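If you number the sequence shown the way this note's numbering does, the last residue is 129 and the count never jumps.
The beta carbon of each residue, even a glycine, is placed where N, CA and C say it ideally should be.
Being a predicted model, the structure only gives us computed values, none of them experimental.
A short worksheet on the structure shown next.
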Amino acid sequence: MSDAVHIVLDDTAMAAAGRGEVLVSRLLHRAHAEPGWYLYAPACALVEADRARPGTAEHLAALPGITVVDLDLPAAPAPARRNTWAAAHAQHAAQPTADRPDGAVIATADPDRRAGEPVRVLGLTP
(Lines of atoms letter the chains of each structure in order from A and count residues from 1; the text may use other names and numbers.)
(Lines give C-alpha, C1' and ligand atoms only; values in the text may rest on other atoms or scores of the structure.)
Protein backbone atom coordinates (compact mmCIF):
# COMPACT_ATOMS: atom_id res chain seq x y z
CA MET A 1 0.00 0.00 0.00
CA SER A 2 1.42 3.38 -0.98
CA ASP A 3 0.86 6.84 0.40
CA ALA A 4 -0.40 8.09 -2.97
CA VAL A 5 -3.99 9.30 -3.16
CA HIS A 6 -5.86 8.35 -6.33
CA ILE A 7 -9.28 9.93 -6.87
CA VAL A 8 -11.64 9.49 -9.81
CA LEU A 9 -14.02 12.40 -10.31
CA ASP A 10 -17.48 11.33 -11.43
CA ASP A 11 -19.72 13.57 -13.53
CA THR A 12 -21.38 15.13 -10.47
CA ALA A 13 -18.00 16.03 -8.96
CA MET A 14 -16.87 17.57 -12.24
CA ALA A 15 -20.06 19.62 -12.55
CA ALA A 16 -19.53 20.75 -8.94
CA ALA A 17 -16.00 21.84 -9.90
CA GLY A 18 -17.51 23.87 -12.71
CA ARG A 19 -19.74 25.61 -10.17
CA GLY A 20 -16.68 26.37 -8.01
CA GLU A 21 -17.73 24.26 -5.03
CA VAL A 22 -15.10 24.46 -2.32
CA LEU A 23 -14.56 20.74 -1.58
CA VAL A 24 -13.84 19.96 -5.23
CA SER A 25 -11.64 23.04 -5.50
CA ARG A 26 -9.55 21.71 -2.61
CA LEU A 27 -9.07 18.39 -4.41
CA LEU A 28 -8.02 20.21 -7.58
CA HIS A 29 -5.55 22.31 -5.62
CA ARG A 30 -4.01 19.30 -3.88
CA ALA A 31 -3.61 17.38 -7.13
CA HIS A 32 -1.79 20.35 -8.60
CA ALA A 33 0.31 21.38 -5.60
CA GLU A 34 1.05 18.24 -3.57
CA PRO A 35 3.08 15.24 -4.69
CA GLY A 36 1.26 11.93 -4.44
CA TRP A 37 -2.23 13.32 -5.18
CA TYR A 38 -3.75 12.17 -8.46
CA LEU A 39 -7.12 13.09 -9.96
CA TYR A 40 -8.67 11.26 -12.89
CA ALA A 41 -11.49 12.40 -15.17
CA PRO A 42 -13.04 9.48 -17.10
CA ALA A 43 -13.90 10.72 -20.60
CA CYS A 44 -17.53 9.53 -20.46
CA ALA A 45 -18.08 11.30 -17.13
CA LEU A 46 -16.41 14.41 -18.55
CA VAL A 47 -18.95 14.45 -21.39
CA GLU A 48 -21.88 14.15 -18.95
CA ALA A 49 -20.47 16.91 -16.75
CA ASP A 50 -20.16 19.14 -19.79
CA ARG A 51 -23.78 18.43 -20.72
CA ALA A 52 -24.85 19.45 -17.21
CA ARG A 53 -22.60 22.51 -17.15
CA PRO A 54 -21.25 23.57 -20.57
CA GLY A 55 -17.56 24.47 -20.55
CA THR A 56 -16.70 22.08 -17.72
CA ALA A 57 -14.89 19.57 -19.94
CA GLU A 58 -12.62 22.14 -21.55
CA HIS A 59 -11.83 23.72 -18.18
CA LEU A 60 -11.02 20.48 -16.36
CA ALA A 61 -9.06 18.96 -19.24
CA ALA A 62 -6.80 22.03 -19.23
CA LEU A 63 -5.88 21.71 -15.54
CA PRO A 64 -2.41 20.29 -14.91
CA GLY A 65 -3.48 18.13 -11.95
CA ILE A 66 -6.07 16.09 -13.87
CA THR A 67 -5.52 13.02 -16.03
CA VAL A 68 -8.27 12.34 -18.55
CA VAL A 69 -8.98 8.61 -18.75
CA ASP A 70 -9.78 7.46 -22.28
CA LEU A 71 -12.55 4.99 -23.02
CA ASP A 72 -10.25 2.17 -24.11
CA LEU A 73 -11.08 -1.37 -25.17
CA PRO A 74 -11.06 -2.85 -21.62
CA ALA A 75 -13.45 -0.11 -20.45
CA ALA A 76 -15.80 -0.36 -23.43
CA PRO A 77 -18.03 -3.16 -22.03
CA ALA A 78 -18.49 -1.34 -18.69
CA PRO A 79 -21.53 0.75 -19.79
CA ALA A 80 -23.53 -2.43 -20.38
CA ARG A 81 -23.41 -3.08 -16.63
CA ARG A 82 -24.54 0.41 -15.49
CA ASN A 83 -27.33 2.90 -16.08
CA THR A 84 -25.10 5.56 -17.64
CA TRP A 85 -21.82 5.63 -19.51
CA ALA A 86 -20.54 8.23 -17.03
CA ALA A 87 -21.19 6.04 -13.97
CA ALA A 88 -19.77 2.97 -15.70
CA HIS A 89 -16.59 4.66 -16.83
CA ALA A 90 -15.98 6.19 -13.39
CA GLN A 91 -16.43 2.81 -11.71
CA HIS A 92 -14.15 1.13 -14.25
CA ALA A 93 -11.49 3.85 -13.80
CA ALA A 94 -11.52 3.29 -10.02
CA GLN A 95 -10.66 -0.41 -10.30
CA PRO A 96 -7.16 -1.58 -9.32
CA THR A 97 -4.45 -1.37 -11.98
CA ALA A 98 -0.71 -1.97 -12.07
CA ASP A 99 -0.19 1.75 -11.29
CA ARG A 100 -2.92 1.78 -8.63
CA PRO A 101 -2.93 -1.66 -6.97
CA ASP A 102 -5.42 -0.44 -4.34
CA GLY A 103 -7.65 1.17 -6.95
CA ALA A 104 -9.00 4.68 -6.55
CA VAL A 105 -11.71 6.46 -4.61
CA ILE A 106 -14.65 7.91 -6.54
CA ALA A 107 -15.36 11.53 -5.60
CA THR A 108 -19.03 12.38 -6.09
CA ALA A 109 -21.52 15.09 -5.21
CA ASP A 110 -24.19 12.37 -5.07
CA PRO A 111 -22.87 9.60 -2.78
CA ASP A 112 -26.25 7.84 -2.62
CA ARG A 113 -25.90 7.05 -6.32
CA ARG A 114 -22.95 4.78 -5.49
CA ALA A 115 -24.72 2.85 -2.71
CA GLY A 116 -24.10 -0.87 -2.95
CA GLU A 117 -21.25 -0.58 -5.44
CA PRO A 118 -17.91 -2.27 -4.79
CA VAL A 119 -16.02 1.05 -4.75
CA ARG A 120 -14.77 3.49 -2.16
CA VAL A 121 -16.62 6.80 -2.22
CA LEU A 122 -15.66 10.31 -1.17
CA GLY A 123 -18.82 12.38 -0.77
CA LEU A 124 -18.41 16.01 -1.72
CA THR A 125 -21.53 17.29 -0.06
CA PRO A 126 -21.03 19.79 2.78
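Cβ atoms of I109 and L125 come within 8 Å of each other, at about 7 Å. DSSP places G126 in the uninterrupted beta strand (DSSP E) bounded by 123–126. When the five nearest sequence neighbours on each side are left out, the beta carbons in the same chain lying within less than 8 Å of the beta carbon of H35 are those of L66, P67, G68, in order along the chain. DSSP places T111 in the uninterrupted beta strand (DSSP E) bounded by 108–111.
Going by DSSP, A65 is part of the alpha helix (DSSP H) stretching over 59–65. R22 and N86 have their C-alpha atoms spaced approximately 25 Å apart.
Annotation for T70: the continuous beta strand (DSSP E) segment containing it runs 69–72.
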